[in-house]
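Below is one structure; the comments refer to it alone.
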Amino acid sequence: MVEYYKISDLAKEIGKHASTVDSWFRKLEERKLHYVNRADEERIYDDLDLDIARFVKEKREDNWSMDAIFKELEGEFDLRPFPTHGGEVNMEEIREELRRELQEEMREQRVQDLVLRRKIEAELEEESLRHWDGLPETNRFRKGRFFMKQEDLEKREEFVKRYVDRRFEEKFREMIKDRETVQKS
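Under UniProt numbering, the first residue of the sequence shown is numbered 1, with each subsequent residue one higher.
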């Protein structure tokens, strides 16, 4: 998801004063090297602008001149060209794009949660059947015709259902924790 910044937020991210960072981007625009998007006539900065600001800061700390930095920028980054339609970015378009991205992420999360739920239920059902098989025959079977024993399927289904219901939340939390651990690494 694209993140947008105000000049104060961008400056805070790189540890420089807002007026300093603003002057860098004004100079880039004056030289027609890089365009900063706008919404309601206010500049809004994105991740590309953040990377550019970090680069400029690093080079300034190494005592590079602004001219040298600007020449180097052209080779390092895919700088944003100036728009031909007047340069205004419609805030509603940005909001709509962000809304669509959020909806897509939420939809994907619901699918992942559904898949995870089904996986947990399947594992717990298998686990419960192993426990069921470990129970004494007197609990699992009933007498059938002609002294034959038949597995009590209703009792087995009830056992599996209760087992899954009792263990689901614990198993779900465990799987979520494992998934978060994998995502962090």
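Glycine is no exception: its CB is placed at the ideal position from the N, C-alpha and C atoms.
- The alpha-carbon of Ala39 is positioned some 25 Å away from that of Leu73.
- Under the three-state reduction of DSSP output, Lys143 falls in the strand class.
- With respect to the 9 Å criterion, His131 and Phe172 are not classified as neighbours on the basis of their beta carbons.
- If you look at Glu158, you'll find it isn't in any beta strand (DSSP E); it sits in the alpha helix (DSSP H) that goes Leu153 to Lys184.
- Arg31 carries a coil assignment under DSSP once its states are collapsed to helix, strand and coil.
- Take the alpha-carbon of Arg167 and the one of Asp133: they are about 18 Å apart.
- When Glu42, Glu154, Met66 and Glu41 are compared, the shortest CA-CA separation from Leu33 is found for Met66.
- In the pairwise beta carbon analysis, the segment 52-59 is classified as touching the segment 10-28: at least three pairs are separated by under 8 Å.
- Counting only residues of its own chain and dropping the five nearest sequence neighbours on each side, Ile44 has a CB closer than 6 Å to the CB of Tyr4 and Asn37.
- Between Leu135 and Tyr163 a beta carbon distance of about 11 Å is seen, past the 8 Å cut, so the two are scored as non-contacting.
- Beta-bridge partners of Tyr5 (DSSP): Tyr45.
- Just measuring C-alpha positions, the residue of Glu137, Lys161, Glu174 and Leu48 sitting nearest Asp78 is Leu48.
- Nearest neighbour of Ala122 by Cα position, chosen from Asp165, Val21, Lys143 and Glu105, turns out to be Asp165.
- Burial state of Leu10 is buried, judged by a 10 Å Cβ sphere holding 16 or more other Cβ atoms.
- Residue state for Arg38 is assigned as strand, using DSSP reduced to three classes.
- The alpha-carbon separation between Arg118 and Gln112 amounts to approximately 10 Å.
- Judged by DSSP in its simplified three-state form, Lys149 adopts strand.
- In the displayed model, Asp67 falls within a helix according to three-state DSSP.
- With fewer than 16 other beta carbons inside 10 angstroms of its own, Ser19 counts as exposed.
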